[in-house]
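**Student:**
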Amino acid sequence: MNWLAICEESALPVFGGIAAWVEGKAVAIFNLGEQGIFAMDNTDPATGVGVLSRGLICDLQGDIFVASPLHKQHYSLTNGQCIEDESLSVELYRIKCEQGKVLINTAIVGGINDE
Amino acid sequence: MGCIKTGLDLKPKLLVIGNGMVGHHFIEQLCDQGMNEQFEVEVFGCEKLPAYDRVQLSKYFETGSPDALMLASVDEYAKRGIRLHLGKEIVRLDTENRTVYSSDDEIWSYDKLVLATGSYPFVPPIQGKDRPQCLVYRTIDDLEQISRAALSANSGVVIGGGLLGLEAANALLTLGLDTHVVEFAPQLMPVQLNDKAGELLCEKIQALGVSVHTSRATTAIVAGEHARHRMMFNDNTFLETDLIVFSAGIRPQDTLARQNCIEVGERGGIAVDDHSLTSAPDVYAIGECALWEQRIFGLVAPGYQMARVALSHIAAGVSGSAATQFKGADMSTKLKLLGVDVASIGESRGFENAQYVEVSDNQSGTYKKLWLDETGQYLKGAVLVGDASDYSLLLNQYLSGEKIETPAISLLQQDSDAPMAFNDDAIICSCHQVTKADIVERVVAGDHSLAAIKDCTKAASGCGGCGALVQEIISQTMEAQGLETQKGICSHFEHDRQALFHLCQVDNISNFTSLIGKHGTVDAAKRGLGCDICKPLAASIFSSLENEYVLAVEHANLQDSNDAYLGNLQKDGSYSVVPRIAGGEITPDKLIALGEIAKRHDLYTKITGGQRIDLFGAALSELPTIWQALIEQGFETGHAYGKSLRTVKSCVGSTWCRYGVQDSVGMAIELENRYKGLRAPHKIKFAVSGCTRECAEAQSKDIGVIATDKGWNLYVGGNGGMRPRHGDLFATDLSTSVLMQYIDRILIFYTRTASRLQRTSVWLESLEGGLDYLKSVIIDDNLGLAAELEIQMQKVISTYQCEWKTSLESPEFLTRFSEFVNPVQEPNADVEQYRYSRGQRFPVDAKGGAGTISVKNIDLCTVDNDLDGLATRVSSAELFEVSAQKECEV
Ligand SMILES: Cc1cc2nc3c(=O)[nH]c(=O)nc-3n(C[C@H](O)[C@H](O)[C@H](O)COP(=O)(O)OP(=O)(O)OC[C@H]3O[C@@H](n4cnc5c(N)ncnc54)[C@H](O)[C@@H]3O)c2cc1C
Ligand code: SF4
Numbered sequence: 021m022n023w024l025a026i027c028e029e030s031a032l033p034v035f036g037g038i039a040a041w042v043e044g045k046a047v048a049i050f051n052l053g054e055q056g057i058f059a060m061d062n063t064d065p066a067t068g069v070g071v072l073s074r075g076l077i078c079d080l081q082g083d084i085f086v087a088s089p090l091h092k093q094h095y096s097l098t099n100g101q102c103i104e105d106e107s108l109s110v111e112l113y114r115i116k117c118e119q120g121k122v123l124i125n126t127a128i129v130g131g132i133n134d135e
Numbered sequence: 021m022g023c024i025k026t027g028l029d030l031k032p033k034l035l036v037i038g039n040g041m042v043g044h045h046f047i048e049q050l051c052d053q054g055m056n057e058q059f060e061v062e063v064f065g066c067e068k069l070p071a072y073d074r075v076q077l078s079k080y081f082e083t084g085s086p087d088a089l090m091l092a093s094v095d096e097y098a099k100r101g102i103r104l105h106l107g108k109e110i111v112r113l114d115t116e117n118r119t120v121y122s123s124d125d126e127i128w129s130y131d132k133l134v135l136a137t138g139s140y141p142f143v144p145p146i147q148g149k150d151r152p153q154c155l156v157y158r159t160i161d162d163l164e165q166i167s168r169a170a171l172s173a174n175s176g177v178v179i180g181g182g183l184l185g186l187e188a189a190n191a192l193l194t195l196g197l198d199t200h201v202v203e204f205a206p207q208l209m210p211v212q213l214n215d216k217a218g219e220l221l222c223e224k225i226q227a228l229g230v231s232v233h234t235s236r237a238t239t240a241i242v243a244g245e246h247a248r249h250r251m252m253f254n255d256n257t258f259l260e261t262d263l264i265v266f267s268a269g270i271r272p273q274d275t276l277a278r279q280n281c282i283e284v285g286e287r288g289g290i291a292v293d294d295h296s297l298t299s300a301p302d303v304y305a306i307g308e309c310a311l312w313e314q315r316i317f318g319l320v321a322p323g324y325q326m327a328r329v330a331l332s333h334i335a336a337g338v339s340g341s342a343a344t345q346f347k348g349a350d351m352s353t354k355l356k357l358l359g360v361d362v363a364s365i366g367e368s369r370g371f372e373n374a375q376y377v378e379v380s381d382n383q384s385g386t387y388k389k390l391w392l393d394e395t396g397q398y399l400k401g402a403v404l405v406g407d408a409s410d411y412s413l414l415l416n417q418y419l420s421g422e423k424i425e426t427p428a429i430s431l432l433q434q435d436s437d438a439p440m441a442f443n444d445d446a447i448i449c450s451c452h453q454v455t456k457a458d459i460v461e462r463v464v465a466g467d468h469s470l471a472a473i474k475d476c477t478k479a480a481s482g483c484g485g486c487g488a489l490v491q492e493i494i495s496q497t498m499e500a501q502g503l504e505t506q507k508g509i510c511s512h513f514e515h516d517r518q519a520l521f522h523l524c525q526v527d528n529i530s531n532f533t534s535l536i537g538k539h540g541t542v543d544a545a546k547r548g549l550g551c552d553i554c555k556p557l558a559a560s561i562f563s564s565l566e567n568e569y570v571l572a573v574e575h576a577n578l579q580d581s582n583d584a585y586l587g588n589l590q591k592d593g594s595y596s597v598v599p600r601i602a603g604g605e606i607t608p609d610k611l612i613a614l615g616e617i618a619k620r621h622d623l624y625t626k627i628t629g630g631q632r633i634d635l636f637g638a639a640l641s642e643l644p645t646i647w648q649a650l651i652e653q654g655f656e657t658g659h660a661y662g663k664s665l666r667t668v669k670s671c672v673g674s675t676w677c678r679y680g681v682q683d684s685v686g687m688a689i690e691l692e693n694r695y696k697g698l699r700a701p702h703k704i705k706f707a708v709s710g711c712t713r714e715c716a717e718a719q720s721k722d723i724g725v726i727a728t729d730k731g732w733n734l735y736v737g738g739n740g741g742m743r744p745r746h747g748d749l750f751a752t753d754l755s756t757s758v759l760m761q762y763i764d765r766i767l768i769f770y771t772r773t774a775s776r777l778q779r780t781s782v783w784l785e786s787l788e789g790g791l792d793y794l795k796s797v798i799i800d801d802n803l804g805l806a807a808e809l810e811i812q813m814q815k816v817i818s819t820y821q822c823e824w825k826t827s828l829e830s831p832e833f834l835t836r837f838s839e840f841v842n843p844v845q846e847p848n849a850d851v852e853q854y855r856y857s858r859g860q861r862f863p864v865d866a867k868g869g870a871g872t873i874s875v876k877n878i879d880l881c882t883v884d885n886d887l888d889g890l891a892t893r894v895s896s897a898e899l900f901e902v903s904a905q906k907e908c909e910v
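Chains A and B, in that order, give the protein sequences.
FYI, in the numbering used here the residues of the first sequence are 21 to 135.
FYI, in the numbering used here the residues of the second sequence are 21 to 910.
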């Protein structure tokens with residue numbers, strides 16, 4: 021288990037996203053308060069540009085998504101799948117907060133977030 | 021008389037005496053029906069000005085000029101072949117010989133005569149009433165006199181605490197006078213309000229600095245010791261003042277009728293029948309001078325009805341069409357007096373044996389009373405002070421005459437958008453008189469969207485206030501039919517943009533959490549997250565209404581890609597920076613400064629179609645530094661990232677151009693500075709040309725202004741881009757102040773009523789009645805909204821802020837621009853990201869770009885290159901509203 025401390029929990033904006041460098045990779049972190057904290061690759065798979073942390077959070081089809089700020093494809097925060105294009109998906113990371121610190125597990129998970 | 025005659029001089033003669041609001045309305049209707057061709061029409065007005073908007077009379081004090089109030093002009097009448105004689109009083113009428121005489125002894129004969137002489141202020145016969153600076157409040161001329169008198173006055177008294185008296189008091193207050201109201205009755209507005217309501221109104225008005233003296237009759241006005249006058253009262257007290265305005269009621273101007281034994285009422289007023297015909301053949305009386313079933317109607321709407329009725333009777337004589345009848349009018353009123361909401365409905369002062377419900381809330385300063393019949397089952401009257409939000413529902417209940425099924429107090433505790441309270445024939449849209457049944461019928465017939473209902477019933481296409489209600493009725497009807505209801509803007513709201521705007525406005529909602537909590541669907545409210553459709557929309561509405569800093573904590577996470585970081589997101593994830601260059605005018609020093617900043621940050625530099633300079637390739641974290649430098653050099657944000665005013669393009673105009681007739685650059689700068697920062701359903705572009713050669717291409721803009729030798733012509737609803745449209749000529753030869761007044765009104769009306777991402781061009785086409793309707797709302801103020809629209813615009817203008825300046829001044833906002841929580845961990849930069857060409861930096865082509873988006877599942881995708889530089893999800897209904905623009909500032 022490679023849990024890496026990234027930053028203080030207090031450094032995360034609430035209900036918004038921010039990016040973090042994790043072992044040389046950009047990861048988008050979304051802190052949705054009581055609805056959980058999520059981490060995914062920051063790169064928008066449709067364009068290859070690192071912008072997902074700047075996307076808007078959306079509640080659609082019973083799941084939570086981030087809309088890419090570039091072309092508005094929606095990626096699930098819980099399974100990485102893109103709504104508009106089945107062939108696109110984003111890698112998810114495990115993330116948790118402990119003792120005021122944000123920890124990310126660099127081992128990629130295919131789907132479910134464990135927090 | 022048989023009226024169909026041919027040959028020019030054989031046309032029958034139609035004379036109209038009085039060119040007030042009603043007389044003018046008569047002429048307008050006459051021309052609309054082409055009847056100006058069939059009659060030789062002459063109009064006589066005592067006043068030196070042609071018809072103006074008396075209802076808005078007090079606005080004169082805002083500008084000190086009647087310009088904005090004018091309804092008619094001699095030229096316009098002449099164009100329609102009508103002669104308007106101003107400053108001409110008709111002093112004698114001879115019904116025997118069918119002639120009228122003016123005070124300078126001219127004579128005219130008539131075949132049809134319309135008396136529209138209005139009324140005059142009643143001045144009680146008090147000793148000293150003719151002393152100088154004892155004035156009345158009825159005409160522009162009166163107001164000019166009051167303004168002049170106020171210059172040398174410290175205090176002013178209004179005699180009469182009715183509706184008009186309070187309006188006059190407000191005027192004195194704004195003229196800076198120590199203001200008093202003296203009322204004979206024990207309370208204010210004795211005609212409309214009961215004692216308690218009058219008391220509350222009195223408290224509220226005193227809180228504004230007006231002294232109210234009730235139960236006082238003035239017995240004499242004599243010379244004062246400390247002021248010009250001393251007013252003596254019946255209780256042996258007195259009050260000194262420099263200026264007195266009488267507002268003790270009005271009397272119908274019926275002198276001409278009396279001379280000829282035309283039937284008049286006991287207490288005045290020219291008696292008319294259901295066709296507005298007087299007792300003399302071919303003589304009609306309309307408006308405030310007319311008495312119908314022993315009643316005078318002191319409001320403009322019934323006067324307009326009489327004008328139409330009289331006209332239809334005249335037309336019937338010509339063409340044999342059926343004449344309509346006047347059936348009386350409801351005198352319920354709702355207004356804001358000195359900022360206090362006051363409404364009265366029906367028998368608002370109560371009556372014998374009435375049952376009542378009274379709610380008096382001294383904490384919020386509201387008072388409401390309902391009057392019910394003896395059985396307590398029917399609403400007969402109501403009075404509301406301090407909060408008139410129940411007015412429409414109550415008025416409906418009253419007018420419908422339906423039995424109240426629940427305890428009457430529930431009428432005051434209704435959810436403002438609970439349509440179940442409406443009966444089938446309740447009027448939902450009062451602008452267009454659409455009933456609930458009309459809407460239900462169309463929904464059952466298959467029109468399931470608000471847009472479709474607006475189209476076919478006109479409901480919600482007026483002031484838009486009923487939009488939310490109409491939507492509810494649609495949803496309910498569909499549910500009753502077992503149909504799945506059409507969704508609103510997105511899966512979280514069942515409302516369209518206009519309805520949401522209205523809800524935010526009336527409920528004072530200014531954050532997304534409350535909006536989704538209160539008006540979102542059940543599921544949406546539970547999660548509270550919303551989506552990329554409703555959040556930016558809400559943010560835009562909040563800014564249109566409150567104009568708060570867009571990145572304030574409660575708004576920041578709502579903003580779309582560009583607004584979210586106050587820059588325009590580019591394909592490589594960098595931003596572009598566009599400072600405002602109002603009117604396209606820039607000093608060499610600023611140009612140099614801009615160049616230096618661009619050079620320092622290696623920004624790709626390009627001149628946009630909107631005559632400003634766009635700097636590309638700034639990383640998110642670089643934005644604050646770049647803007648700091650720009651602001652130090654005197655620049656401010658250009659709002660290129662917002663759905664807001666972009667640019668006001670201009671040609672060089674009369675300052676340099678040989679052909680120019682006005683200073684188009686000066687005007688462009690003024691307009692751009694006035695409207696900068698206004699958040700709207702979509703971006704807005706203006707242009708100003710200095711003469712008809714139109715070098716600024718103003719007709720392709722949302723708002724186009726073209727100079728004439730007399731002023732400015734205003735065009736509305738132009739568009740460039742994918743769906744080009746020439747703007748419609750809205751008004752001609754406007755003065756600068758009227759031009760801005762119209763633009764103020766148009767823009768706010770647009771932000772209130774347009775759909776999401778609807779440009780003005782499409783909006784204008786979608787308005788039922790199109791350009792003429794817009795003119796009637798903006799110029800004629802048919803919806804009575806103009807003042808409200810202007811106030812809202814004033815609020816936006818006065819709360820303008822450069823969002824970048826605010827951001828830089830507040831470190832807590834600046835953290836938003838740190839893209840990474842742990843920037844020190846950044847790996848070495850990927851130098852391959854950029855290439856150089858033609859002396860500037862460009863992104864190396866990454867994959868993607870708007871052309872390669874694949875679209876699945878979700879309705880439709882289209883490109884609005886200017887929007888966010890991106891594709892946006894739109895419902896198919898909205899597709900036609902979104903367009904890619906050529907002059908984009910991506
Ligand atoms: C301050 C103020 C606020 C008001 N607010 C409202 C409101 O909120 N809502 C509302 O519905 N109503 C309001 N009213 C009332 C409304 O203005 C009148 O109902 C309306 O103007 C009546 O129109 P009219 O054409 O009948 O009369 P007027 O507008 O009075 O016009 C009559 C014209 O005829 C002219 N005239 C008279 N005799 C002769 C003659 N012998 N020869 C030639 N010309 C003659 C007069 O000079 C005058 O110009 C307000 C009025 C005032 C003064
Ligand atoms: S529009 Fe008229 S004033 Fe403006 S540049 Fe062209 S010719 Fe000159």
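Beta carbons are placed, not taken as given, at the ideal position from N, Cα and C, and that holds for glycine.
None of these values were measured; they are calculated from a predicted model.
(1) Check whether the Cβ atoms of residue 35/A and residue 97/A lie closer than 8 Å to each other.
(2) If I'm right that residue 47/B touches residue 110/B with Cβ under 8 Å, what's the distance once you round it to whole angstroms?
(3) Does the beta-carbon distance from residue 213/B to residue 403/B come in below 8 Å?
(4) Would you say the beta carbon of residue 187/B is closer than 7 Å to some non-hydrogen atom of ligand 1?
(5) With a cut-off of 8 Å, do at least 3 Cβ pairs link the stretch 343-357 of chain B to the stretch 387-396 of chain B?
(6) Applying a beta-carbon distance threshold of less than 7 Å, which residues of chain A neighbour residue 842/B?
(7) Given that a residue counts as buried once 16 or more other Cβ atoms are within 10 Å of its Cβ, and exposed if not, what is residue 608/B?
(8) How would you list, in chain order, the residues of chain B whose beta-carbon sits under 7 Å from the beta-carbon of residue 35/A?
(9) For the stretch 552-577 of chain B, list every residue whose C-beta sits within 8 Å of some C-beta in chain A, in sequence order.
(10) Who are the near neighbours of residue 111/A in its chain, counting only those whose CB is closer than 7 Å to its CB and skipping five residues on each side?
(11) At which residue ranges does the stretch 208-245 of chain B contain complete alpha helix (DSSP H) runs of 4 or more residues, listed in the order of the chain?
(12) Could you tell me whether the stretch 680-695 of chain B touches the stretch 619-626 of chain B, where touching means 3 or more Cβ pairs closer than 8 Å?
(13) Beta strand (DSSP E) containing residue 260/B: first to last residue?
(14) Three Cβ pairs or more, each shorter than 8 Å: is that satisfied between the stretch 631-642 of chain B and the stretch 831-839 of chain B?
(15) Can you say whether residue 679/B is buried or exposed, counting buried as having 16 or more other CB atoms within 10 angstroms of its CB?
(16) Report, in whole angstroms, the separation of the C-beta atoms of residue 156/B and residue 162/B, which I expect to be a contact under 8 Å.
(17) Just to confirm before moving on: does the CB-CB distance between residue 736/B and residue 777/B stay below 8 Å?
(18) To the nearest angstrom, how far is it from the Cα of residue 663/B to the Cα of residue 713/B?
(19) Please return the same chain residues whose Cβ sits closer than 7 Å to the Cβ of residue 31/B, not counting the five positions on each side in sequence.
(20) Is residue 599/B buried or exposed, if buried means 16 or more other CB atoms sit within 10 Å of its CB?
(21) Can you confirm whether residue 78/A, when its beta carbon is compared against all beta carbons of chain C, has any partner nearer than 8 Å?
(22) Alpha carbon to alpha carbon, what distance is there between residue 351/B and residue 56/B?
(23) Does any residue of chain B bring its CB to less than 8 Å from the CB of residue 127/A?
(24) Please compile the residues from chain A whose C-beta is within a distance smaller than 9 Å of the C-beta of residue 547/B.
(25) Between the beta-carbon of residue 75/A and the beta-carbon of residue 87/A, is there less than 8 Å?
(26) Can you give the beta carbon distance from residue 104/B to residue 134/B, rounded, assuming they're within the 8 Å contact cut?
**Tutor:** Taking the structure as given:
(1) no
(2) In fact, because the Cβ distance is near 16 Å, the residues do not count as touching under 8 Å.
(3) yes
(4) yes
(5) no
(6) 26, 27, 40 and 41
(7) exposed
(8) 577
(9) 552, 555, 556, 576 and 577
(10) 60, 61, 100 and 128
(11) 215-227
(12) no
(13) 258-261
(14) yes
(15) exposed
(16) 5 Å
(17) no
(18) 30 Å
(19) 25, 58, 59 and 60
(20) buried
(21) The chain labelled as chain C is not found among the protein chains of the depicted structure, namely A and B.
(22) 32 Å
(23) no
(24) 55, 79 and 84
(25) yes
(26) Not confirmed; about 14 Å, so no contact.
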